[in-house]
Amino acid sequence: MIQVIGGLLLRAIVVLSGTALLTFALLWNAPGDPAQTIAMARFDALLTEDVIDQVREEVGLNRSFWQAFWAWLGPLLTLDLGYSAVTGRPVGPDLWAAISYTFPLAFAALGLGLAISIPLAVIATKRPGGWLDRFAVGIASLGNAIPSYWLGLILILIFAVKLAWLPALGAATPAHAILPALTLGLGVAASLTRIIRSGILEARGQSFLPAFRRRGVSDRAVGRDHIAPHAAIPVITVFGLELAFLLEGLVLVEVIFGRPGLGTFLVEAIMARDFAHVQAVVVLTALVFVTVNLIIDLIYRVIDPRIGESDA
Amino acid sequence: MRSVLILVTVFVLLAGLGPMLAPYDPTAINIPKRLSGPSAEFLLGTDAMGRDVLSRLLHGARWSLGLAFLISVISLVIGTTIGLVAALGGRLADWVMMRATDTFLAFPELVAAIVIAGLMGAGTWSLIFALSVTGWMRYARVARGIGLSVQSRGYVVQAQLADMPGWSIARWHYLPSLIPSLTVVWTGMFARAILGISALGFLGFGVQPPNPEWGSMLLDARVHLRSTPLQMVWPGLAVVICVLAINLTGDALRDALAERDRHE
Chain C
0 MIQVIGGLLL RAIVVLSGTA LLTFALLWNA PGDPAQTIAM ARFDALLTED
50 VIDQVREEVG LNRSFWQAFW AWLGPLLTLD LGYSAVTGRP VGPDLWAAIS
100 YTFPLAFAAL GLGLAISIPL AVIATKRPGG WLDRFAVGIA SLGNAIPSYW
150 LGLILILIFA VKLAWLPALG AATPAHAILP ALTLGLGVAA SLTRIIRSGI
200 LEARGQSFLP AFRRRGVSDR AVGRDHIAPH AAIPVITVFG LELAFLLEGL
250 VLVEVIFGRP GLGTFLVEAI MARDFAHVQA VVVLTALVFV TVNLIIDLIY
300 RVIDPRIGES DA
Chain A
0 MRSVLILVTV FVLLAGLGPM LAPYDPTAIN IPKRLSGPSA EFLLGTDAMG
50 RDVLSRLLHG ARWSLGLAFL ISVISLVIGT TIGLVAALGG RLADWVMMRA
100 TDTFLAFPEL VAAIVIAGLM GAGTWSLIFA LSVTGWMRYA RVARGIGLSV
150 QSRGYVVQAQ LADMPGWSIA RWHYLPSLIP SLTVVWTGMF ARAILGISAL
200 GFLGFGVQPP NPEWGSMLLD ARVHLRSTPL QMVWPGLAVV ICVLAINLTG
250 DALRDALAER DRHE
């Protein structure tokens, strides 16, 4: 077990270093003069070569690629994210402020997705192939095809503009989170419904279930103790994909609803060429993603020990 | 397979003939008639510059579907090559290729595409690059798996012993196994590419105005949500219909392949 964990950890480290290097290379080679962009963002005026050169010197853009890479990576390993060249403030606090808007939204969306998809899948599998089942699968397929940004705009149109029930823009009150959470949650529900549904159907086909029934174990107990854990396995496996879906959705949904979260932070940083901010978001995302996948891998091995060394 | 061919034909016709059916020039500006609702003259109304929305939608099919096709094929070629090199190139090549695949998978694809396209500067070429370079990993995994399983089959070993040329082995033994599974992956990636193009367009990092692309049309329409809400509905609906058609076709193909495997 320790060897397996060690192997997975090593893999995670290789992947994270690769991501850090790729991101840095991408930023370093991005077209346009970053020093000029930074200077313009800071001083907001016509600039002389002199000022731009000073900025270049100060931000360290005149170093070689590897020098600059190590200068960034070293402090990063001690969790120091450095200073933003555009705002002049340290990156850490601004990043945390953004995360504090994103995390509750992500959890609300995930909870909402589960709260919709589990009952829907259970109802659908009562009579597989029946009209309820086909209806649920159809709704889920439709939901998978709807882009989150469009759904968000439609919800704004209906609930904020036409009915005026809910606020749409900003993040001033908890009510502001309802529409974005609904937008993301419906998307999560659409993709989870099909997975839970096929998980339940597969678990029901297990050969040991009739034996329990003959021994007089109630349907409810069989469902709770045997079908549910089996159906949970595929859900855990796709959790990594779900997280990716959620993060992709978050970027667009936050921009649409004007929430100052991580997605908005990233898009604004890209537009302002704020290297430190972009790097921070990218490394953080990769870290969360790799960690979650590592945990999923471990849980999966505990639940189903058949997956082992052959799966290199 | 037949359903995929039908779908591709319909899309080619839509992208090819759609613009011919458009009643107006999609970039013709007509300020006096701006933001008008649906009428006999402009069936779906006009946008903020007075351009005909129907014409833009029809021309947009060429941008959205054409680019998505291009991107999904480029990533198919990259991914299949990497997957086969990993499967057939020995242990070191396998390790390097699969860790590279893991690294690219260690990031939500669309977020990576947004970062890449945004930093490269908005435009069609950065869009193609960003979505292709973040879209090859699934092909690589599938191609590697198939490559490994075909490699150990008796008929491949025999063909090698009989000095069958490499390209011939590839053509007659690898290709027939690769095509069905890669087509299933391709349908999924084609749909993702359509969503990705419109997402980048919507953020302003994709196809630039005045070109009619569905995502950037949505971006334009968003500002006029209150006055002409219907304008926001059309481009999104176009994306949904195309993605739904592709996904359903992909599902049908996957089920048919699973059925065939069960009979074998």
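Residue numbers (numbering that gives the first Met the number 0), protein chains in the order written: chain C, 0 to 311; chain A, 0 to 263.
Even for Gly, the Cβ is constructed at its ideal location relative to N, Cα and C.
Because the structure is a prediction, the values reported are computed rather than measured.
is_contact[residue i, chain A] using C-beta, thresh 8 Å
| i | result |
| --- | --- |
| C/Pro30 | yes |
| C/Pro89 | no |
| C/Ala243 | yes |
| C/Leu8 | no |
| C/Ser83 | no |
| C/Gly307 | Caution is warranted here: a pLDDT of 49 is assigned to C/Gly307, below 50, making its placement in the model unreliable, and no coordinate value can be reported. |
| C/Asp310 | Confidence is the limiting factor: at C/Asp310 the pLDDT is only 43, short of 50, which leaves the residue's position unreliable and the question unanswerable from this model. |
| C/Trp130 | no |
| C/Gly73 | no |
| C/Ser140 | yes |
| C/Ala285 | yes |
Interface flag, residue i vs chain C, CB-CB below 8 Å
| i | result |
| --- | --- |
| A/Phe189 | no |
| A/Thr102 | yes |
| A/Leu224 | yes |
| A/Pro228 | yes |
| A/Val3 | no |
| A/Asn246 | yes |
| A/Val239 | yes |
| A/Ile115 | yes |
| A/Phe106 | yes |
| A/Leu109 | yes |
| A/Trp233 | no |
| A/Val242 | yes |
7 Å Cβ shell around residue i - same chain, five flanking residues per side excluded
| i | result |
| --- | --- |
| A/Arg221 | Met231 |
| C/Val289 | Ala11, Val14 and Leu15 |
| A/Val3 | Thr182, Thr186, Thr248 and Leu252 |
| A/Ala67 | Phe189, Ala192, Ile193 and Ile196 |
| A/Val155 | Val149, Ile168 and His172 |
| C/Ile302 | Ile232 |
| A/Ser176 | Ile145 and Val149 |
Rounded straight-line distance, which links the Cα of residue j to that of residue i
| i | j | result |
| --- | --- | --- |
| A/Val239 | A/Gly120 | 27 Å |
| A/Ser35 | C/Lys161 | 19 Å |
| A/Arg61 | A/Gly17 | 8 Å |
| C/Leu283 | A/Trp171 | 46 Å |
| A/Met96 | A/Gly82 | 8 Å |
| C/Leu297 | C/Ile1 | 11 Å |
| C/Leu15 | C/Leu109 | 25 Å |
| C/Val287 | C/Asp93 | 18 Å |
| A/Thr248 | C/Ile194 | 18 Å |
| A/Gly187 | C/Asn143 | 11 Å |
| C/Ala159 | C/Leu168 | 9 Å |
| C/Ala220 | C/Glu253 | 42 Å |
| C/Glu308 | C/Val291 | With a pLDDT of 44 at C/Glu308, under the threshold of 50, the modelled position of this residue cannot be trusted, and the question is left open. |
| C/Val250 | C/Leu265 | 8 Å |
| C/Pro166 | C/Leu261 | 20 Å |
| A/Gly203 | A/Arg1 | 37 Å |
| C/Gly204 | C/Ala268 | 51 Å |
| C/Thr263 | A/Val110 | 12 Å |
| C/Gly112 | A/Leu256 | 30 Å |
| A/Phe103 | C/Leu240 | 13 Å |
| C/Val237 | C/Ser99 | 25 Å |
| C/Val3 | C/Ile295 | 13 Å |
| C/Arg88 | A/Phe106 | 27 Å |
| A/Asp162 | A/Leu87 | 17 Å |
| C/Gly184 | C/Ala107 | 7 Å |
| C/Gly5 | A/Ala158 | 41 Å |
| C/Leu246 | C/Arg212 | 43 Å |
| C/Leu208 | C/His225 | 8 Å |
Strand pairing of residue i, partner residues [DSSP]
| i | result |
| --- | --- |
| C/Thr263 | Looking at the DSSP assignment, C/Thr263 forms no beta bridge with any residue, so it has no partner. |
| A/Asp51 | A/Thr45 |
| C/Pro89 | C/Tyr82 |
Contacting residues, own chain, Cβ-Cβ under 6 Å from residue i (five flanking each side not counted)
| i | result |
| --- | --- |
| A/Asp93 | Ala85 |
| A/Ala129 | Ala112, Ile115 and Ala116 |
| A/Gly200 | Val206, Glu212, Gly214 and Ser215 |
Sequence-distant residues of its chain with Cβ nearer than 8 Å to residue i (five each side left out)
| i | result |
| --- | --- |
| C/Leu200 | Thr124 and Pro127 |
| C/Ser197 | Pro233 |
| A/Ala237 | Leu56, Gly59, Ala60, Ser63 and Trp213 |
| A/Leu217 | Ser197, Gly200, Phe201, Met231, Pro234 and Gly235 |
| C/Val90 | Leu80, Gly81, Tyr82, Ser83, Ala275, His276 and Ala279 |
heavy atom of the ligand HEM below 7 Å from residue i C-beta
| i | result |
| --- | --- |
| C/Val14 | The ligand HEM is not part of this structure, which contains no ligands at all. |
Assess contact between the segment 144-153 of chain A and the segment 122-136 of chain A, defined as three or more Cβ pairs (one per stretch) separated by less than 8 Å. Is contact present? No: the two stretches stay apart, fewer than three of their Cβ pairs being nearer than 8 Å.
Are the segment 131-139 of chain A and the segment 70-82 of chain A touching, with three or more C-beta to C-beta distances below 8 Å? Touching, yes, given that three or more Cβ pairs across the two stretches are closer than 8 Å.
Specify whether the segment 137-156 of chain C and the segment 69-83 of chain C touch according to this definition: at least 3 beta carbon pairs, one from each stretch, less than 8 Å apart. At 8 Å Cβ cutoff, the stretches do not touch.
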